[in-house]
Structure formats: C-alpha cells, structure tokens
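A.B. asks: According to our numbering, the residues represented by the sequence shown are 5 to 851, in order.
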Amino acid sequence: MASVSSRMAYVMLASIEDEFRAIVEHYAGEEDAASLLSPELLEIAASRRRRDGATTAIHTVGPLLPYLDFQNSYDLANRMSARLPASLAAGLNDLSLAVRKTVAVRNRVAHNRPLDIDDLPTVIDLTSDLLQIGGWDWQKLRQTRTEIKQDAGFIFRAAANLIVDPDTAVANNLPAPDFDETSLLGRKEERRKILRALQGAWPVISILGDGGIGKTALALQVCYDLVEMPDCAFEAVVWVSAKNAQLTSTEIVRIESAVEDSLGLFASAAAELGGSGASDTAIDELINVLESFPTLLVLDNVETVLDESFPRFLKEIPPGSKVLITSRIGVKTENPFKLSGLSESDAVVLMRSLAKARGFDLSSIATAEDLAKWVIRMGCRPAYIKWFVSGLQAGQLPEKLLDDDGLILDFCMSNVFDYLTQTAKSALRAMLVVPGAHTMAELAFLTDLGSSSIQEVILELTTTNFVTQVRSGASGTALDLSDFARSYLRRTLQIDVSERRALTEKQKQLYALGGGLQAAHDLDPYAVETIDVRGVGDYSAAKLLRDALDLAMRGKVDDGLQLLAEAVELAPGYHEVARVEAYLHEVSTNFPEAFEGYSRAKDLAPNDPYVAYFFGRFLIDSGFDPSQGIRELQRAATLDPESSHLHMSIAMAFLNMSKLREALDAASYAVGAARPGGEDQRNSIYLLWQACALSIRSLSAQTDWGGVAEVVEAALNVSESVQNEVFEIATLDLLLWCEGMLTEAHHEASDEFIAKKISVSLRKLQFRRLSVDSDHSARVVGCVKLLVPERGFGFVRCATEEYFLHANELWTREKFQQLAPGSVLVFTPGKKASSGKPPAESVHWVG
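1. Please state if the CB of Gly851 and the CB of Trp741 are separated by a distance shorter than 8 Å.
2. Measure the Cβ-Cβ separation of Glu806 and Phe799 and say whether it is below 8 Å.
3. In chain order, what are the residue ranges of uninterrupted beta strand (DSSP E) at least 3 long that sit wholly in the segment 267-346?
4. In this structure, does DSSP put Asp737 in helix, strand or coil?
5. Buried or exposed: where does Gln143 fall if 16 or more other Cβ atoms within 10 Å of its Cβ makes it buried?
6. Can you give me the Cβ contacts of Leu567 inside the same chain, cut-off strictly under 8 Å, excluding the 5 residues immediately before and after it?
7. Round the Cβ separation of Arg604 and Ala569 to the nearest angstrom and send it over; I've been treating them as touching at under 8 Å.
8. What three-state label does DSSP hand Lys836 in the structure shown?
9. Between Gly95, Cys384, Asp36, which has its C-alpha nearest Phe24's C-alpha?
10. Are the segment 33-45 and the segment 122-142 touching by the rule of at least three beta carbon pairs closer than 8 Å?
11. For the segment 332-352 against the segment 194-213, are there 3 or more C-beta pairs whose distance is under 8 Å?
12. Between Lys841 and Phe808, what straight-line distance do the alpha-carbon atoms span, to the nearest angstrom?
13. Select from Leu691, Val379, Arg665, Gly681 the residue whose C-alpha is nearest the C-alpha of Ser653.
14. In chain order, what residues of the same chain have a beta carbon less than 7 Å from the beta carbon of Glu845, not counting five sequence neighbours either side?
15. Going by other Cβ atoms of all chains shown within 10 Å of its Cβ, with 16 needed for buried, is Asp284 buried or exposed?
16. According to the neighbour-count rule (16 or more other Cβ atoms, all chains shown, within 10 Å of its Cβ), is Gln685 buried or exposed?
17. How about Pro843 and Leu790: are their beta carbons less than 8 Å apart?
18. In its own chain, which residues sit with a C-beta less than 7 Å from the C-beta of His579, not counting the 5 before and 5 after it?
19. How is Trp140 classed by DSSP in three states: helix, strand or coil?
20. Residues in the same chain with beta-carbon distance under 8 Å from Leu736, minus the five sequence neighbours each way, listed in chain order, please.
21. Mapping DSSP to helix, strand and coil, what is Thr472?
22. Which of the three DSSP states, helix, strand or coil, is assigned to Gly601?
23. Just how far apart, CA to CA, sit Lys836 and Leu527?
24. By how many angstroms is the C-alpha of Ser245 removed from the C-alpha of Arg490?
25. Unbroken alpha helix (DSSP H) runs of length 4 or more, entirely within the segment 685-749: which are they?
26. Here's the rule: buried if 16 or more other CB atoms are within 10 angstroms of the residue's CB, otherwise exposed. What is Pro386?
27. Kindly list the residues whose CB is nearer than 8 Å to the CB of Tyr515, restricted to its own chain and excluding five residues on each side of it in sequence; keep chain order.
28. Check the C-beta distance from Lys761 over to Ala713 and give it rounded, since I have them as a contact under 8 Å.
29. Return yes when the Cβ of Gly681 is within less than 8 Å of the Cβ of Ala657, no when it is not.
30. Strictly by DSSP, which residues pair up with His442?
31. Sort Gln498, Tyr530, Ala705, Arg504 by Cα distance to Thr451 and report the nearest one.
32. For Lys819, count neighbouring Cβ atoms within 10 angstroms of its own Cβ and tell me buried if that reaches 16, exposed if not.
33. Which residue from Glu509, Gly676, Arg621 puts its Cα closest to that of Gln727?
34. Would Ala734 and His848 be called neighbours here (beta carbons separated by less than 8 Å)?
35. Are there 16 or more other CB atoms within 10 angstroms of the CB of Glu756, so buried, or fewer, so exposed?
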C-alpha cells in the first residue's frame with residue numbers, strides 16, 4: 005500500500021495532468037492532431053492507445069489527450085500559447101522549470117519508487133503556483149485541494165490515474181517504501197558501499213543493526229537504485245521478508261502470516277520466482293532458479309528464522325546471483341555492513357519532516373535545542389523517532405515518551421535477546437553490573453569463563469549487536485553495551501543483590517591485582533618479572549602472565565607456557581603476552597621461538613621501550629644476533645632517553661662485543677642520566693672505568709699513546725661531577741689498574757706533550773682514588789702466572805713478588821674456572837706464612 009505522502013502526490017499530480025489536458029481540449033480539441041502534435045508525440049499517443057486495445061484512426065487532438073502524460077500535455081499547452089489568454093500563456097511559460105522538476109517526481113510516484121524528501125513539497129508548491137495563474141479557473145485542481153483539506157481519507161478513494169509506460173527496470177517484486185513521508189534521509193555513503201558490494205565478488209551481503217535502525221529502508225532504497233541502473237548485473241530482484249511484528253504508537257502487533265522458519269522463507273522466495281512454494285523442496289528449487297539467471301535475493305528481517313538450514317543455503321549460492329540480508333543478528337558467512345543511527349542533523353530533519361507531513365506543528369512545543377537533545381536520547385534511530393512523533397501527535401508529553409520507552413525497546417531488542425544462549429546472557433549481566441568497556445580477558449575473569457568459551461560468547465554478542473567494539477585506552481579493543489541495549493537490559497534482567505555483590509567483589513579483586521602489578525612495574529620497569537599494564541583491560545591477562553613467569557622461575561617452563569596459551573587467546577593484541585611467551589622460550593633455550601615471540605611483541609608495540617630492551621637483551625645474551633640486539637637497545641634508549649639502565653645495558657653490550665670506544669660513550673651517558681648517588685650511577689661509573697681500563701690496555705698494545713691519553717681524560721671529565729660515595733671498591737680497583745697502565749704509558753710515550761697529558765691524568769686518578777678511600781693504597785694489581793684448576797689454586801705475580809691464589813678468595817668463586825694465565829687481578833696482599841708464598845686476599849678479577 006502506498007504511503008500517505010506518495011498517494012497525496014499521486015492524486016495531486018493526476019489533477020494537474022487533467023488540468024493541462026483540459027486547457028488543450030478547450031482551446032484546440034477539434035484541431036487536426038497531425039498539425040498540432042509532433043510526429044514523435046503522435047506515435048507515443050498511438051502506442052498507448054494500442055496498449056489499451058484501440059485500433060480506430062484518430063484525426064483530432066481531443067481523443068488523444070487521455071494518452072498524453074504530464075510532460076506531454078504541459079508541452080502541448082505551452083506550445084499553443086498564441087491561442088491562450090495572455091495571463092495563462094505567460095503563467096505556464098514561467099513555470100517551465102518547476103514543471104521540469106516535477107516531472108521526475110511524477111515518474112517516481114507513477115512507478116511506485118521511493119520519494120525524495122522534497123518531492124511532496126515540490127508538487128504542493130507547483131499546485132499553489134498554478135492556482136495563482138489567471139485566464140483559467142483550475143476547477144479540478146481547486147476541488148482536489150479542498151477535498152484533501154476536508155477529508156484525509158480522500159486521497160485513498162480518489163479515482164486518479166497516471167499514465168504508466170512499461171517499466172524498463174529490472175524485473176522485481178519490491179514492496180512500496182514505507183519511508184515516503186520523509187524519504188530515506190542520509191545514508192548516502194552506506195548506499196554507495198552496499199551497491200558497490202552487490203557489484204563485487206562476495207555472494208552474501210548483510211545489513212546488520214538493532215531493530216528500528218533503518219536496515220529494511222536502506223536495503224529497499226539500494227534495491228530501487230539497483231533496478232534503475234541501465235547496466236544492472238541482475239535479471240531479477242526478489243524480496244521476501246520474515247518480519248513478524250509491527251510497531252504502532254501503542255503496541256507491538258504480531259503479523260499472523262509471518263514465516264516461522266528459514267524453509268518457509270525460502271519457499272516464499274521460490275514461489276515468487278515461479279516455484280511450487282513447498283517447504284520440503286524450497287532450497288533446491290531456489291538454488292536451481294538462482295543458477296538459471298542472475299538474481300538478487302533479498303531476505304529481510306531474517307533474525308526471526310535463523311536455523312540450521314540457513315547457513316547451508318547461503319553456502320550454495322551460485323556464481324552470478326547474490327543474497328542481500330537484513331538482520332539484527334549476523335549469519336557468520338556474509339560480508340557485513342553494520343548500521344548505526346542517523347547523524348544528529350539528519351535525525352532532527354527526520355523529526356521535523358515527519359511532523360510536517362502529518363500536519364503537526366513541532367515548533368509549538370520544542371526549540372531546536374530540544375529536538376537535538378531528543379534525537380540523541382533516541383540514539384538517532386528512525387523507528388524510535390517515528391514512534392516518538394506518533395506519540396506527540398496523539399497528545400503525549402515528550403518527557404513521558406522518552407522515559408517510558410519500554411514498547412520501543414521490546415520491539416527493537418526482544419527478538420535478539422531471546423536468541424542468546426544463557427552463557428551470553430551471563431556475560432551481559434556482568435557488563436550491566438560492572439560499568440564501562442571490558443576487554444575479553446576482563447570479561448573472562450568476571451564470568452569465570454575459559455578463553456574458548458568467552459570467545460564464543462563475544463562472537464555471539466557482537467553478531468547480535470548487543471555490544472559494540474570500542475577503544476579501551478592503551479589496552480586496545482574492548483566491548484561495551486550500546487546505550488539502547490543497556491536500557492533494554494535494565495528493564496529485562498533481574499539481578500539479585502547476591503549476584504551484584506559477587507560481581508562487584510570480582511571487580512575489586514581485579515583492580516587490586518592490576519594495581520599491584522602496575523606498581524611493581526613502575527618501580528622496576530626493566531625487570532623481566534614485572535608486567536607493563538596499559539590499563540584496567542589488561543589486569544586479568546597480566547595476572548596470567550605473572551603466574552606464568554612464577555612457574556618458569558620455579559623451573560616449570562612447560563606449565564608456564566600452557567598458562568600463556570590461555571593469555572594468548574584472551575588478549576592476542578597485548579604485547580606483554582608475546583614478550584613473556586618469548587622469554588619463556590628463551591629460558592628453555594628455544595631461541596627461534598623466542599625470536600618470533602619478541603618480533604611479535606615489537607609488531608604489537610613498536611614504540612614500547614621495554615619490549616625493545618628485552619628483545620635486544622635476548623639477541624645479545626643468546627648470541628642470536630648481537631648487532632641487531634645493540635640496535636634494539638639503542639632504539640629503546642631513544643624511546644626512553646632518561647633511563648640510565650638502558651645506557652648501561654648498551655655499554656655492557658658493547659663491552660661484550662669488544663667495542664670499547666662505544667662502550668665508553670654509552671657508559672658516560674649513563675653516568676650523567678642516572679640519579680646522583682643512586683644505584684644506577686654506582687653501576688654506571690663502574691662500567692665507565694671498566695671500559696676505560698680495557699681501552700687503555702688495547703691502545704697500549706697498539707702503542708697508541710695519544711689514544712690512551714684521550715680515553716682516560718674523557719673518563720676523568722665524566723667522573724669529576726660524581727660524588728665520592730659513588731665510587732665503590734670495585735671501581736677503585738679499576739682506577740688502580742688504570743694507574744699501573746698509565747705509569748707504563750708515560751714511560752713509553754715518546755711525544756713529550758702526550759707523555760705530559762698522561763702524567764697529569766695519572767696524578768688526578770691517584771688523587772681521586774685515595775681521596776675516596778685512603779686504605780685502598782693497600783691494594784695491588786697482579787697477573788695470573790699459574791693455575792691448578794682441579795685443586796682450586798694458582799699463583800699471581802705482582803712486580804717481583806708472587807702470591808698464592810685460592811679460589812675461595814675470589815669475590816665470585818665460580819669465576820675461578822674462567823681464569824687463565826695473564827688474567828688481571830686486584831687484591832690485598834696477605835701476611836706471609838713461615839713457609840710458602842704470601843696469599844692474595846679479597847681478589848677482584850678485573851680483566
């Protein structure tokens with residue numbers, strides 16, 4: 005059935021056509037047709053007469069007038085202006101542009117196409133303009149206008165007919181649009197995308213969204229756009245609907261004739277295409293027809309009939325044919341287009357247009373600001389807005405309609421809610437009690453569901469549009485209830501006090517756990533056992549990672565990896581999951597898997613300094629790729645330039661690779677970046693002098709005395725601003741070693757200037773060492789002469805004296821096995837016994 009707007013336009017256009025014909029009849033009805041009508045117009049009229057079964061020859065204009073349409077009759081009346089009264093001729097001529105614009109409206113109305121928003125106003129305006137023209141009484145048009153004003157039902161009883169030539173559009177059974185009051189507002193981009201998809205390769209396209217969001221209207225408009233295309237790829241467009249309810253202003257009316265399952269829907273479609281309409285053969289019949297010629301099958305409101313037959317049918321769609329679906333629930337095999345509400349501006353225009361079309365003065369009860377607030381509260385949903393305007397028209401207060409929205413909520417959401425499993429409903433209960441967006445890991449914790457179960461639940465909820473995907477800060481994608489769904493669930497779900505208390509307690513546990521993990525990471529972010537928690541959404545997954553690390557540190561790496569598998573499923577986009585997995589593989593010496601894990605963590609968090617640090621350490625410590633490891637550490641330092649820890653790590657890496665100058669530079673930077681007097685500065689100053697000592701030894705072997713002078717001067721300059729308390733005995737031992745090598749360099753340097761520089765640095769070095777600890781003068785430097793590893797002892801030569809070395813005197817006894825003849829040691833000479841050699845005590849291996 006045509007809408008009020010479409011039927012009103014139809015009746016008024018028919019009256020205008022009648023007036024144009026009457027003008028021609030009055031002034032030229034007895035004229036010879038061939039002299040007044042062009043050959044083309046004569047043939048058009050003759051062709052239309054033949055379709056009516058008329059075969060007799062006609063010579064005058066009068067009998068042909070019923071076969072001239074809106075444009076034809078106007079053109080003819082305008083062409084014979086010399087015969088018309090001057091005012092009538094001038095008036096008709098002045099309206100040529102308005103008539104041309106109205107012709108397009110007339111064609112849409114005549115062929116039952118969706119109207120544009122300004123179509124009815126265009127017809128009304130033309131009617132008013134015509135009535136202002138003198139020289140003609142416009143009796144038919146005036147009478148029609150009067151009847152419409154006096155009797156709203158007149159438009160459906162009026163005997164009006166518009167000439168309709170055979171439709172050149174693609175064969176179709178598209179229903180009359182139910183949005184003619186306002187046209188399809190907005191949705192231009194959606195129309196373009198769906199039309200493009202229908203012309204693409206995907207066989208099944210769906211328009212998904214909540215009830216009342218405008219899925220059916222959009223699909224219908226797209227189909228009308230499609231059938232009008234001259235190069236349409238389909239030979240037929242078939243529309244069938246499974247809609248089972250209709251919303252009125254006061255109730256939800258069930259449609260008794262609605263199909264009850266997918267087979268019934270397919271049978272209806274097959275019958276439209278000439279099949280038997282029997283349910284038991286419906287799928288085969290439909291597939292055969294779709295194979296025979298390219299067809300677009302439109303299945304509307306399929307959420308009411310989703311069963312096991314539905315996906316089986318969709319998988320068998322033959323090439324060339326396609327299926328367009330509208331549904332509140334996804335069918336999992338389609339190319340989905342998710343539809344949301346209108347833009348705020350379009351929603352306001354829709355409300356104004358509806359009120360205007362229904363003769364309701366909206367401005368008398370609302371300002372522009374009121375309208376904007378109302379449409380926002382309604383989620384800019386077309387069905388909600390139409391229901392709201394109907395309520396206003398019936399005299400209800402806007403505040404009452406907005407507050408008492410149970411009817412519209414039930415209409416839009418009940419079908420979908422009934423489709424959900426109990427597990428999915430339990431997740432909705434948790435989301436309703438615990439506010440905000442939730443990551444998959446967080447939902448799993450709140451509902452006590454495993455990774456596979458929570459994934460099924462999330463798929464179910466997203467396909468039913470109960471939840472939307474949102475950005476949850478740094479934690480990435482999370483799920484949140486739509487405002488519409490939240491309103492519906494508050495009315496529908498009965499959650500008792502004990503369940504609310506249990507869920508709230510779970511949330512508190514999660515926050516306490518996550519807060520502790522975050523605090524630990526803040527204290528020591530570059531410790532392998534701390535977890536970088538981006539936000540609340542990571543808390544649950546971070547707990548699993550911490551537990552996996554604990555297992556690995558107790559030697560239960562395989563158990564840790566099993567726990568990690570759960571974390572991977574719950575938070576696949578969380579970089580710490582990949583980082584911890586990589587570390588566990590590193591611990592188990594599965595270096596290829598570790599490399600893949602760290603690479604994945606880097607891809608997930610390319611700007612995270614912690615990931616770069618752990619990746620770099622792995623590449624260096626494992627020997628997998630030390631050069632790339634250095635680059636990763638340097639990248640981490642760029643991302644976190646204030647971290648002295650990173651520069652120390654770079655310095656140590658360069659030392660291990662014997663890149664001594666680079667190590668010296670990195671250690672120098674670390675000393676300056678570290679907190680004065682802190683642990684990092686103590687370690688950094690040690691690294692600085694270790695790099696300096698090894699550089700002096702290497703340069704001395706090359707007799708590069710200028711290089712020696714340069715490196716020691718650089719180290720002294722960095723050390724000048726460092727407090728004495730920072731120099732521990734291990735660092736003083738390195739200074740002592742440097743003093744010995746500088747003494748030799750001073751004697752060997754032939755260049756007087758360089759020798760003097762070395763001498764000055766030597767005095768500064770000695771002064772600094774003894775000013776820190778005067779007792780350090782008792783320490784000496786020696787070299788390993790002989791080792792007896794199996795018995796744990798050896799001998800050290802210092803100048804002309806030899807000392808007995810026992811493994812237990814080494815600061816780190818385990819390093820005794822790594823000593824070799826020539827290893828440099830700093831120690832305190834012990835008292836010589838009555839026999840044998842004096843012992844070396846408190847031995848520090850420096851190089």
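Note that the Cβ used here is the ideal one computed from N, Cα and C, for glycine as well. Since the structure is predicted, the reported quantities are computational estimates derived from the model, not experimental observations.
C.D. replies: Once the coordinates are examined:
1. Taking the sequence shown and counting its residues from 1, one reaches residue 741 at position 737. Taking the sequence shown and counting its residues from 1, one reaches residue 851 at position 847. A contact, by the Cβ cut-off of 8 Å.
2. Taking the sequence shown and counting its residues from 1, the one referred to as residue 806 is at position 802. Taking the sequence shown and counting its residues from 1, the one referred to as residue 799 is at position 795. In contact: Glu806 and Phe799 (Cβ atoms closer than 8 Å).
3. 299-304, 326-331, 339-342
4. Looking up residue 737 in the sequence shown gives position 733. Residue state, collapsed to three classes: helix.
5. For the purposes of this step, residue 143 is taken as the residue at position 139 of the sequence shown. By the 10 Å Cβ count, Gln143 comes out exposed.
6. Locating residue 567 in the sequence shown gives position 563, counting from the first residue. Closer than 8 Å at the Cβ level, and outside the excluded window around Leu567, lie Leu548, Asp551, Ala552, Leu555.
7. Residue mapping note: residue 604 aligns to position 600 of the sequence shown, counting from 1. Residue mapping note: residue 569 aligns to position 565 of the sequence shown, counting from 1. Not quite, the Cβ-Cβ distance comes to about 14 Å (not below 8 Å), so this is no contact.
8. As a first step, residue 836 must be located in the sequence shown, where it is residue number 832. Coil, per DSSP.
9. For the purposes of this step, residue 24 is identified with residue 20 of the sequence shown, where counting begins at 1. Out of Gly95, Cys384, Asp36, Gly95 has the C-alpha closest to the C-alpha of Phe24.
10. no
11. yes
12. The residue you call residue 841 lines up with position 837 of the sequence shown. The residue you call residue 808 lines up with position 804 of the sequence shown. Roughly 6 Å separates the two Cα atoms.
13. By 1-based counting over the sequence shown, the position of residue 653 is 649. It is Leu691 whose Cα lies nearest to the Cα of Ser653.
14. What you label residue 845 is simply residue 841 of the sequence shown in a count that begins at 1. Here the set comprises Glu813, Phe831, Thr832, Gly834.
15. In the sequence shown, the residue the question calls residue 284 occupies position 280. Classification of Asp284: exposed, given that the 10 Å Cβ count is below 16.
16. For this step, residue 685 is matched to residue 681 along the sequence shown. When all chains shown are included, Gln685 counts as buried.
17. For the purposes of this step, residue 843 is taken as the residue at position 839 of the sequence shown. For the purposes of this step, residue 790 is taken as the residue at position 786 of the sequence shown. Contact flag unset, no.
18. Stepping through the sequence shown from its first residue, residue 579 is reached at position 575. Counting only Cβ-Cβ distances below 7 Å, and skipping sequence neighbours, we find Ala605, Leu608, Ala609, Asp612, Val615.
19. Taking the first residue of the sequence shown as 1, we reach residue 140 at position 136. Coil, per DSSP.
20. Here residue 736 refers to the residue found at position 732 when the sequence shown is read from its first residue. So the qualifying residues of the chain are Arg773, Val776, Asp777, His780, Arg783.
21. Here residue 472 is taken as the residue at index 468 of the sequence shown, counted from 1. Here Thr472 sits in strand by DSSP.
22. Position 597 of the sequence shown holds residue 601. Helix at Gly601.
23. What you label residue 836 is simply residue 832 of the sequence shown in a count that begins at 1. What you label residue 527 is simply residue 523 of the sequence shown in a count that begins at 1. Approximately 49 Å, taken between the alpha carbons.
24. On the sequence shown, position 486 is the one that residue 490 refers to. On the sequence shown, position 241 is the one that residue 245 refers to. Looking at the two C-alpha atoms, the distance is approximately 28 Å.
25. 709-723
26. To locate residue 386, count along the sequence shown from 1; it is residue 382. Buried, since its Cβ has 16 or more Cβ neighbours within 10 Å.
27. On the sequence shown, position 511 is the one that residue 515 refers to. The answer, listed in chain order, is Val540, Tyr543.
28. Your numbering for residue 761 matches position 757 in the sequence shown. Your numbering for residue 713 matches position 709 in the sequence shown. The pair is a contact, with the Cβ atoms about 4 Å apart (cut-off 8 Å).
29. In the sequence shown, residue 657 corresponds to position 653, counting from 1. In the sequence shown, residue 681 corresponds to position 677, counting from 1. The answer is no: Cβ separation not under 8 Å.
30. What you label residue 442 is simply residue 438 of the sequence shown in a count that begins at 1. Its beta-bridge partners are Leu483.
31. Sequence index remark: in the sequence shown, residue 451 carries index 447 (1-based). Nearest option by C-alpha distance: Arg504.
32. For the purposes of this step, residue 819 is taken as residue 815 along the sequence shown, with counting starting at 1. Lys819 comes out exposed.
33. Reading the sequence shown from its first residue, position 723 is the one you call residue 727. The residue with the shortest Cα to Cα distance from Gln727 is Gly676.
34. In the sequence shown, residue 734 corresponds to position 730, counting from 1. In the sequence shown, residue 848 corresponds to position 844, counting from 1. Yes, the pair counts as a contact, with Cβ atoms nearer than the cut-off.
35. In the sequence shown, the residue the question calls residue 756 occupies position 752. That one is exposed.
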